[in-house]
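S.K.: Here you go, one structure.
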Amino acid sequence: MKNGNVAFGDITGSIIVFEPSTSEYVSSSTIEQIAVTALAPSANCRTFGIGYQDGSLLVATLQPRFTILHNLTTSRRPLPTVNLAWYASSSRQKSDMLAVQMHDRDLRVWSVAKKHSADDPAKVVRNLWKAETSMDGPNWMGWSKNGCIIQSSDLQTLSWDVRTTHVTYDPIPILDLVRGLAVHGRGATLFTLSPNNTV
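Going by UniProt numbering, the first residue of the sequence shown is number 1, and it counts up by one from there.
Below, the structure written as structure tokens:
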């Protein structure tokens with residue numbers, strides 16, 4: 001998290017926020033007995049994107065009590081969420097972007113208002129889908145700089161430009177099969193993990 005804390009979910013639906021400097025932690029119950037499969041703290045460190053094994057997808061706060069701000073639902077069949085990532089907007093903008101990747105490679109970008117209002121629900125603003133058929137399997141994604149998303153799945157790694165409604169993508173040459181992916185820092189350095197644990 002931006003404040004230095006570490007947040008993780010467990011198979012019982014709880015989210016634990018751990019503070020390394022003091023070794024203290026706070027555990028918050030969310031949807032009981034449904035495993036948390038993806039978790040993304042927002043830049044304010046209070047709002048979380050939470051994905052579950054049963055396909056539920058929420059934007060919520062944990063303190064002082066668990067409060068659902070948005071229930072993100074689509075007409076597609078429910079599948080586990082495997083990746084969530086926020087793209088922090090400038091202070092002038094009224095919403096943030098939340099990228100959501102499901103187990104079958106479905107990748108969507110949601111617009112989520114910074115100030116919760118029942119009159120301003122979260123909505124899908126980009127639907128990134130290249131394949132005509134779904135394929136369950138390992139997926140990774142992360143925001144890069146300038147409104148691009150790096151996605152690796154189905155033996156290929158793509159850079160999606162989602163700045164406009166006309167979404168485009170370019171392949172990224174990767175030498176080996178990807179077993180993990182991270183985009184880090186201001187320069188958006190791409191790290192990949194190969195099957196032999198080479199980074």
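Note that CB positions come from ideal geometry on N, CA and C, so glycine has one too.
Just so we're clear, the structure is a prediction, and the values are computed from it rather than from any experiment.
For the beta strand (DSSP E) holding I31, just list the boundary residues, first then last.
M.R.: By 1-based counting over the sequence shown, the position of residue 31 is 31. Element bounds for I31: n/a, residue is neither H nor E.
S.K.: Name the two residues that bound the continuous beta strand (DSSP E) containing R126.
M.R.: Within the sequence shown, the letter at position 126 stands for residue 126. R126 -> beta strand (DSSP E) spans 123-128.
S.K.: Since I believe R126 is in contact with V162 (beta carbons under 8 Å), could you give me their beta-carbon distance rounded to a whole number of angstroms?
M.R.: Position 162 of the sequence shown holds residue 162. Position 126 of the sequence shown holds residue 126. Between R126 and V162 the Cβ distance is about 5 Å, and since that is below 8 Å, they are a contact.
S.K.: If contacts are defined as beta-carbon pairs under 8 Å, then H116 and L58 qualify, I think. What distance do you get, rounded to the angstrom?
M.R.: Numbered from 1 along the sequence shown, position 116 holds the residue referred to as residue 116. Numbered from 1 along the sequence shown, position 58 holds the residue referred to as residue 58. About 12 Å separates the two Cβ atoms, so there is no contact after all.
S.K.: From the DSSP secondary-structure annotation, give me the bridge partner or partners of R108.
M.R.: Position 108 of the sequence shown, counting from 1, holds the residue named residue 108. BP columns for R108 point to V100, N127.
S.K.: Is D170 helix, strand or coil when you go by DSSP?
M.R.: For this step, residue 170 is matched to residue 170 along the sequence shown. Residue state, collapsed to three classes: strand.
S.K.: Under the three-state reduction of DSSP, which class applies to C45: helix, strand or coil?
M.R.: Reading the sequence shown from its first residue, position 45 is the one you call residue 45. C45 falls in the coil class under three-state DSSP.
S.K.: Report the partner residues of G51 according to the DSSP bridge assignment.
M.R.: Translated into the one-based positions of the sequence shown, residue 51 becomes position 51. A38, L57, per the DSSP bridge assignment.
S.K.: Among all the DSSP beta bridges, which residues are the ones paired with G142?
M.R.: Here the question's residue 142 lines up with position 142 in the sequence shown. According to DSSP, G142 bridges with I150.
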